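So the protein lines, in turn, are chains L and U.
Count along the first sequence from 1, add 3, and you get the number used in our numbering.
Count along the second sequence from 1, add 3, and you get the number used in our numbering.
Note that the Cβ used here is the ideal one computed from N, Cα and C, for glycine as well.
Note that the structure is predicted; figures quoted are calculated from it, not measured.
Here's the structure, in structure tokens; my notes come after.
There are 2 protein chains.
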Amino acid sequence: MARIVQKFGGTSVGDLERIRNVAQKVKSCVEAGNQVAVVVSAMAGTTNQLVEWAKQIGPMHDAREYDTIVSTGEQVTVGLLSIALQNIGVDARSWLGWQIPFKTDDVHSAARIEEINPDDIIGRLNRGQVAVVAGFQGIAPDGRISTLGRGGSDTSAVALAAAINADRCDIYTDVDGVYTTDPRVMPKARKLDSITFEEMLEMASAGAKVLQTRSVAMAMRHGVNLQVLSSFTEASGTLVQNEEKQMEKQKVSGIAYSAEEAKVTVVGLPDKPGIAAKIFGALAEIYINVDMIVQSASVDSEKTDITFSVAREELSNAVKNIRNLKDDLAFERLVYDDNIAKISVIGTAMRTQTGVAKRMFEVLSDKQINMQVISTSEIKISVLIQADYTELAVRSLHDAFGLDTIG
Amino acid sequence: MARIVQKFGGTSVGDLERIRNVAQKVKSCVEAGNQVAVVVSAMAGTTNQLVEWAKQIGPMHDAREYDTIVSTGEQVTVGLLSIALQNIGVDARSWLGWQIPFKTDDVHSAARIEEINPDDIIGRLNRGQVAVVAGFQGIAPDGRISTLGRGGSDTSAVALAAAINADRCDIYTDVDGVYTTDPRVMPKARKLDSITFEEMLEMASAGAKVLQTRSVAMAMRHGVNLQVLSSFTEASGTLVQNEEKQMEKQKVSGIAYSAEEAKVTVVGLPDKPGIAAKIFGALAEIYINVDMIVQSASVDSEKTDITFSVAREELSNAVKNIRNLKDDLAFERLVYDDNIAKISVIGTAMRTQTGVAKRMFEVLSDKQINMQVISTSEIKISVLIQADYTELAVRSLHDAFGLDTIG
């Protein structure tokens, strides 16, 4: 017997028929002798509708009211799934964020889970009841509903798995696992049987949308075994686990990309301490997530340039806020480009095996693709290129690193 | 300065534009120097959709999950209205049933409010904040969301008004007050400036859908001054108040009707004690609300008949359950008719003035309308007739009692 958390996303619970399908999957897992807690998202489309209303009703935004509104999506799904389970003979009850409770901090609409009290749920799991838990939501110190931000249901599932000491956390989604790259771009992309937490973390932050970055980081921290699998097939998925458990030791595990990036260069900054802190402090204040940052060495002057990338939709806000600092920062001008893609090559084995960067740069150069910014971590190399070349770059790198052949 | 509860129904908050309109009405009330708590329903149509889903997902019905699902409608509205208020400069926050809390009993989906703790809300009203309260919902002793049954938002508003000692409870709806009868049936129907609690209670239970019966009964018990008025006009509404305050002393205040009734006669029952208790006990068990009951005197045999009326939609359930008792009750046969209307003449002054019943029967007889069942209370006379004659009966009685001329 194992204790398992199953998480189903918005597409998997998109209508009543699909919710019944999820109920069958949960029932199979229960009948296999497991204790099961299910975490669900809102029905696909619901959250967008609610967010739209909250935005349209007035420009001034109270995040506490926003959370009250958007958290209803998951509230509906847990009720419906519980009824669906009961109707096929499975003992089940729904749990809302405030009922468990999932205690969060007070950053409404982007809250972090601080504490979960799982006693009641564990007691009921031990008696054979399925817990149907609303993802994405919690309760803030002020006693009001908080939400974790988009994609937060993955995080809810992992946090619950950690709190109840689950043997595994199965994330059901509309793809059947983690691929070497996006199969829509590269038909030869291959599903990975397993991947390390760190690789998955880099894949997620590099644009692969299978799992939310926060949930992977939390799973790594708490040692929660993740599995990504499809709610629409019976195929086995991809296990995300510690490096020690990895059998497969390929140089490169995957190619990730994000085609919706923008690049900003602040030209002619005085080369003195504190400048970068001011720029990125100003962006952090308005919750803009800066990804790659490169500062050019100032060899022949007292001036330097700083280049960074942000999501394309954040560009105009970022530019506006930096312009406001012009007098303070004394830079010469701002240059920006919103037609940028980030291509990343990821693999734990890079730590010990060399030559990956060299090979990557050769491949891109062979295809006449200009690299505008390069950034590396222990297990990842990312470059910014013109977005028009995204597919060409992904396919060429996938071929060059032999990702279509089983490691 | 007064403390006022305003209640807006589903049509009044049917879309974002209407919610903004409600916000303006609330603002006017605040700017007139009042403390304001607003109780809102779900956006029109939302609750029906949620109920539909809950029914479709499976035939077995867990009322706790049902409540979890349907209570989201009001949760969305309070969030949206709070944002709308903030955007026009009114300090406001939303309150869900479990946050106040509205403590109810454990009869999920038809719960009764047992206790309200208004301290936090009163404190904030005193500081000038508007409380935007979700109607229809509370929290049961098991810590789960309960709902009060359809139309429960009126009851929420009155209960809140009683708890915070409000000077008045204004029920905004899509009609501008209580009429002598349904203006769709009788164009000469006249809006009443005031009506007594008891009359309103009879009007509501006799089919006038302006206010939910429970809310009127609660207002009467706690002495809450009710006002019914339109959210779409500026016209003054109808005050519902104690009889002592009533100036107008007309014999008859209104004609109410319900055209969706059914009648069941259990024929040939043994005339002995306990039979009626068995019949109506069986119906109460499945929550069927029986309205009029008539037992014919058994003069020439040991057999008797019992006739009662139920809402048309309950007929098949009622018949099925009484058939199941055939052996036990030893009745001869069941006769039923689902094309029945109930017509009621209502007026507090009937207590002291005679002749209303006689006049009512004369009018119906003149129009060749056959009365199938008659039932009277101190301030009401109700008859069941064939539903086809509903409009004719209402108009004839309205004319006969001179309701179109101001009393």
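One finds GLU68 and THR71 in chain L with Cβ atoms closer than 7 Å to the Cβ of U/SER97, taken in chain order.
Counting along the chain, the unbroken alpha helix (DSSP H) around U/ALA285 starts and ends at 278–288.
With a 10 Å radius around the Cβ and a threshold of 16 neighbouring Cβ atoms, L/VAL8 comes out buried. Annotation: U/THR268 to U/ARG326 spans about 12 Å, alpha carbon to alpha carbon. Chain U has a Cβ within less than 7 Å of the Cβ of L/MET63.
Around L/ARG127, the same chain offers ARG96 and ALA134 as residues with beta carbons nearer than 8 Å, after the five sequence neighbours per side are excluded. Contact between L/ASP170 and L/PRO144 is ruled out by a C-beta separation of about 32 Å, above the 8 Å threshold. As for any beta strand (DSSP E) of minimum length 3 sitting wholly inside the stretch 142–184 of chain L, the runs are 148–150 and 171–176, ordered along the chain. Chain U places no beta carbon closer than 7 Å to that of L/LEU128, leaving this residue out of the contacts. Between U/LEU406 and U/THR183 a beta carbon distance of about 4 Å is seen, short of the 8 Å cut, so the two are scored as contacting. From the listed residues U/VAL93, U/GLU264 and U/PHE200, the smallest Cα separation to U/TYR339 is found for U/GLU264. In the same chain as L/ILE60, and ignoring 5 residues on each side of it, no C-beta atom comes closer than 8 Å to its own. Residue pairing by DSSP places L/LYS345 opposite L/SER261 and L/LEU387 in a beta bridge.
At a cut-off of 7 Å between beta-carbon atoms, L/THR75 makes contact with chain U. For L/ILE60, the nearest CB of chain U lies under 7 Å from its own CB, placing it at the interface with that chain. U/PRO62 and L/ARG6 have their C-alpha atoms roughly 29 Å apart. Taking a C-beta distance under 7 Å as the contact criterion, L/VAL366 and L/SER399 qualify as a contact pair. If only complete runs of 3 or more residues are kept, the stretch 17–94 of chain L shows the beta strand (DSSP E) at 38–43, in order along the chain. The C-beta of U/SER304 has fewer than 16 other C-beta atoms within 10 Å across all chains shown, which makes the residue exposed. U/ARG362 and U/SER156 have their C-alpha atoms spaced approximately 38 Å apart.
7 Å or more divides the Cβ of U/SER368 from the Cβ of U/SER378.
Taking the beta carbon of L/ASN228 as reference, no residue of chain U falls within 7 Å; the closest one sits roughly 30 Å away.
Ranked by Cα distance from L/THR310, the options L/ALA279, L/ILE291, L/ALA390 and L/SER319 are led by L/ALA279.
Between the C-alpha atoms of U/ALA222 and U/LEU204 there is a straight-line separation of about 10 Å.
If only uninterrupted beta strand (DSSP E) runs of at least 3 residues are considered, those enclosed by the stretch 177–221 of chain L are 197–199. Rounded to the nearest whole angstrom, the C-alpha separation of U/TRP56 and U/HIS64 is 12 Å.
From the listed residues L/GLN244, L/SER159, L/GLY131 and L/ALA162, the smallest Cα separation to L/CYS32 is found for L/GLY131.
Exposed is the label assigned to L/SER239, since fewer than 16 other Cβ atoms lie within 10 Å of its Cβ. If you check the CB distance, U/VAL41 and U/TRP98 do not come in under 7 Å. Put simply, the CB of U/ILE86 is near chain L, with a gap under 7 Å to one of its CB atoms. Distances from the alpha-carbon of U/SER312 to those of U/LEU88, U/ASN120 and U/GLN389 put U/GLN389 closest. In the assembly as shown, L/GLN27 is an exposed residue. Its beta-carbon has fewer than 16 other beta-carbons within 10 Å. Counting only Cβ-Cβ distances below 7 Å, U/ILE22 has contacts in chain L at ILE60, in chain order. Counting the other Cβ atoms within 10 Å of the Cβ of U/LYS323 gives fewer than 16, which makes it exposed. Not one beta carbon of chain L lies nearer than 7 Å to the beta carbon of U/GLN356. At least one CB of chain U lies nearer than 7 Å to the CB of L/LEU19.
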